[in-house]
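*Asks:*
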Amino acid sequence: MSRVAVVGWASTAALEPDGRNEAELLGPVVDQALGMAGLSGAEVDVVCSAGSEFLNGVVGTVMGAFDALPGWPPRTHSHLEADGAFALYEAWIRLMAGEGGVALACAFGRPSAADPAGVLALQQDPYLVGPLGTGPRHLAALQARAMIDTGRCTERDLAEIAAARRGLDVAALLAMPHVASPLRESDCSAVCAGAAAVVLATEDRVPISCERPAWIVGIDQRMESARIGQRDLTVSTSTRLAADRLGLPGSSIDVLEVHAPFSHQELLVIDALGAGRVGSLNPSGGVLPADPLMASGLVRIGAAADALLRGGAHRAVGHATNGACLQHNLLCLLEGA
Amino acid sequence: MSPGLSAPHVMAFAYRRGVGGAESRFLSGLRAGVIRGTRAADGRVLVPPLDHDPATGAPLGDWVTVADLGVVRSWTWVTEPGRGQPLDRPFAFALVRLDGADTALLHVVDVPDEGSMATGMRVRADWRLERVGSITDIRAFVPAGSGDAATIPPAHHDDAGALEVHSAHEVAYRYEPGVVASRFFESLRRRRILGGRCEPCGHTYVPPRPRCPVCATGPMTEVPVPDRGQVSTYTVVHVPSPEGPVDLPYVAAWIRLDGVDVAFPHLLGEVAPEAAAVGQHVEAVWVPDDELAPSWESIRYFRPSDRPDPGTTRQP
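Listed in order, the protein sequences are those of chains L and H.
Going by my numbering, the first sequence wraps up at 360, each residue one higher than the last.
Going by my numbering, the second sequence wraps up at 308, each residue one higher than the last.
Spelled out as structure tokens, the structure:
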């Protein structure tokens, strides 16, 4: 079983809606990621993509986006209706299983053409939760209040996280009204359109031009109950389990990228990792200022790998989440040579 | 100003779902006015109930009736109630742990203002008089008075029966076809058809695509193409289309325009179904000026053309 490394990646910048469709968002990102890796589309053996047609409401969107991917002759390609980080997990498994030497994990989403809260409400249990009309912010707010009530944090702590990620003033944020108390707009990620691509290669296929491959030491993902009333919302048990499996508690991490669509969730993930030292937290800026649904988690892994590919860091962790209140969490541990 | 077209688009997801297992027993309990949970292997009472133990996976069958009084474990305030929410005035979503239960039920609390909410407050279920086996058979939770005792209405219809949950979600979208597709549709408004040519492959596509589906190169070169071509294949339709604008039977055909490498679907007109033929030369019949739109419907149909352009026509 070969070691696998991230050898290239790219993502769209935070964008205002500019009329581009999924293929138009994804195409340049794929070109850029392959260019960084020094590979051509023809060299890609495995494609794992992620995106959702519920986000923009147009049947055929996913197939249309595939025009942006190396297409002919046909190759191993699977598609997930989940964040691209979970597609990267599959690409990593496929390369280790010997299905090829180069894999492209990519993701795209265009929630800006819809009401994302309305779409995400469709994810809820249709029997006991759906008729109540809860959206993602309401569920996250229940979690944030539970943390505040137990003394884990204050609204000011949340505002400090939001201010740091958005480059804004804490007092100014605290003066803003709640959107779902105790959360303010600044505590909720700015959902936007976007795309990301990460190129993986086995040891024998890492291009010579790639001087500092970001080796994937391990990926672990765990899922908790969808019934939030059954969980202790003030801890992220699934993240803790994944961190334990990767040996992260007590260890030193140079770069940590957290996929926290709500400010309090950054605290939960950091608590659950239990790392002894975190050198740089969210150098990408994190999810709050720009959250391209479906691509956000993959961006975290790409940004963590970036710190190794460009040098200066030795050990990086990318985190990705899915579902309400950090229901499902994935950790990807990367190391330099 | 966005360079792309944009139009409203509503998608409705209407489902009737059969309810089974623990949910069925729980909801039929609500219909009867009682709240029930299952006891987990570790002795905790789960409300809402589960069929299987969350830790061990063992089947759970020990049903326990809990009180319709409980305590708010967490809450958030909804300032502007929206569609699909159970109350039409500001309310709280809350996790309520009922007396006798060890987990919390997600529901709503009906109080006049946010200042009336607090974690730890006691609440009781406000039951609807007409109950159907839905989570909203509890209209809302309301603050419990100090003298409130658990009310357990007389049981009726207390059988699992065949419950159905109906959901009719509607999601409002903006349909935005993209930059390349927007230019294509805009050109149809001007009675022009735009194609896209992939320079590395040499293939021309109608409609144009952002990227070549073969080599993934993009953007393609925009090229005008003629509004005449040949029938690649066709079928005679005898059932009404949901759009319904065409008399039956009609001929639906795939048309490959001259100089283009792929076909697209459209209608054949001014031809008897039995006279349609693969390879037939056709030309577009455009709608009058005042009906032109950024849409395929700017072409009413294609009709047989007796004067193929020998310069550009290829064999099908």
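Built from N, CA and C at the ideal position, the CB exists for glycine as well.
These numbers come from a predicted model, not from an experiment.
Pull up the distance between the alpha-carbon of E262(H) and that of A276(H), whole angstroms please.
*Replies:* 11 angstroms
*Asks:* Tell me the rounded alpha-carbon separation between R235(L) and M212(H).
*Replies:* 35 angstroms
*Asks:* Thinking C-alpha only, which one of A264(H), D219(H), P232(H) is nearest R248(H)?
*Replies:* D219(H)
*Asks:* Given a threshold of 16 other Cβ atoms within 10 Å of its Cβ, counted over all protein chains shown, does R98(L) qualify as buried or as exposed?
*Replies:* buried
*Asks:* Quick one: which chain L residues come within Cβ less than 7 angstroms of M3(H)?
*Replies:* The contacting residues are G80.
*Asks:* Just mark Y293(H) as buried or exposed, buried being the case when its beta carbon has 16 or more other beta carbons within 10 Å.
*Replies:* buried
*Asks:* In three-state DSSP terms, what is Q244(L)?
*Replies:* strand
*Asks:* Looking only at DSSP bridge pairs, what is G217(L) linked to?
*Replies:* G132(L)
*Asks:* Quick one, which of A130(L), S209(L), I171(L) has its alpha-carbon nearest M198(L)'s?
*Replies:* The sequence given here has Ala at residue 198(L), not Met. When only C-alpha atoms are compared, the closest one is S209(L).
*Asks:* Indicate whether R315(L) and G74(L) have their beta-carbon atoms separated by less than 7 angstroms.
*Replies:* Looking at the sequence itself, residue 315(L) is Pro, so the reference to Arg does not match. Cβ atoms of P315(L) and G74(L): not closer than 7 angstroms.
*Asks:* So the beta strand (DSSP E) V63(H) belongs to, where does it begin and stop?
*Replies:* 61 to 70
*Asks:* Taking the alpha-carbon positions, what's the H149(H) to V152(L) distance?
*Replies:* Unreliable placement is indicated for H149(H), whose pLDDT of 49 sits below 50; no coordinate value is reported for it.
*Asks:* Taking the alpha-carbon of Y150(L) as reference, which of R250(L), V27(L), G273(L) has the nearest alpha-carbon?
*Replies:* R250(L)
*Asks:* Which chain L residues are close to Y242(H), counting only those with a beta carbon under 7 angstroms from its beta carbon?
*Replies:* Result: empty, since nearest Cβ-Cβ is about 23 angstroms, beyond 7 angstroms.
*Asks:* Around the Cβ of F5(H), are there at least 16 other Cβ atoms within 10 angstroms (buried) or fewer (exposed)?
*Replies:* exposed
*Asks:* Secondary structure at D118(H), three-state DSSP: helix, strand or coil?
*Replies:* strand
*Asks:* Starting from G24(L), follow the beta strand (DSSP E) in both directions and report where the run begins and ends.
*Replies:* This sequence places Met at residue 24(L); Gly is not what is there. That residue, M24(L), is in no beta strand (DSSP E); it is neither H nor E in DSSP.
*Asks:* Give, in chain order, every unbroken run of the alpha helix (DSSP H) that is at least 4 residues long and sits entirely within the segment 159 to 217 of chain H.
*Replies:* Counting only runs of 4 or more, we get 171 to 181.
*Asks:* By the 10 Å Cβ neighbour count, where 16 or more other Cβ atoms means buried, how is G325(L) classified, buried or exposed?
*Replies:* Burial call: buried.
*Asks:* Just curious, the beta strand (DSSP E) that Y242(H) is in, first and last residue?
*Replies:* Unbroken beta strand (DSSP E) run through Y242(H): 242 to 249.
*Asks:* Bridge partners for A28(L) per DSSP, in chain order?
*Replies:* Assignment of beta-bridge partners to A28(L) by DSSP yields A224(L), W238(L).
*Asks:* Where does the unbroken beta strand (DSSP E) through Y7(H) begin, and where does it stop?
*Replies:* -1 to 10
*Asks:* In this structure, how does DSSP classify I231(L) when only helix, strand and coil are distinguished?
*Replies:* Looking at I231(L) - three-state DSSP - the assignment turns out to be coil, as it is neither helix nor strand.
*Asks:* Round the Cβ separation of G62(H) and D91(H) to the nearest angstrom and send it over; I've been treating them as touching at under 8 angstroms.
*Replies:* Rounded, the Cβ-Cβ distance is 6 angstroms, consistent with contact.
*Asks:* When Cβ atoms are compared, which residues of the segment 84 to 111 of chain L fall closer than 7 angstroms to chain H?
*Replies:* D90, A91, L92, P93, G94, W95
*Asks:* Pick out the complete beta strand (DSSP E) segments inside the segment 28 to 111 of chain L, 3 residues or longer, and give them in chain order.
*Replies:* 69 to 73, 99 to 103
*Asks:* Is the distance from the Cβ of S20(H) to the Cβ of G125(H) below 7 angstroms?
*Replies:* yes
*Asks:* Fully enclosed by the segment 279 to 358 of chain L, which beta strand (DSSP E) runs are 3 residues long or longer?
*Replies:* 300 to 304, 338 to 345, 351 to 358
*Asks:* Identify whether Q166(L) lies in helix, strand or coil by the three-state DSSP scheme.
*Replies:* helix
*Asks:* Got a sec: is the Cβ-Cβ distance from V125(L) to anything in chain H below 7 angstroms?
*Replies:* Not closer than 7 angstroms to any Cβ of chain H, the Cβ of V125(L) fails to qualify, so no.
*Asks:* Locate the alpha helix (DSSP H) running through P135(H), then write down its first and last residues.
*Replies:* In the DSSP assignment, P135(H) falls outside any alpha helix (DSSP H) and lies within the beta strand (DSSP E) extending over 130 to 135.
*Asks:* For chain L, check one thing: does any of its Cβ atoms lie closer than 7 angstroms to the Cβ of S297(H)?
*Replies:* no
*Asks:* Within the continuous alpha helix (DSSP H) that includes R188(L), where are the two ends?
*Replies:* 178 to 189
*Asks:* Quick one: what's got a C-beta closer than 6 angstroms to V70(L)'s C-beta in the same chain, skipping five residues either side?
*Replies:* L92, H100, L127
*Asks:* Rounding to the nearest angstrom, what Cα-Cα distance links F285(L) and L97(H) in this structure?
*Replies:* 23 angstroms
*Asks:* Quick check on this structure: which residue in C190(H), R131(H), I127(H) has the alpha carbon closest to the alpha carbon of E15(H)?
*Replies:* I127(H)
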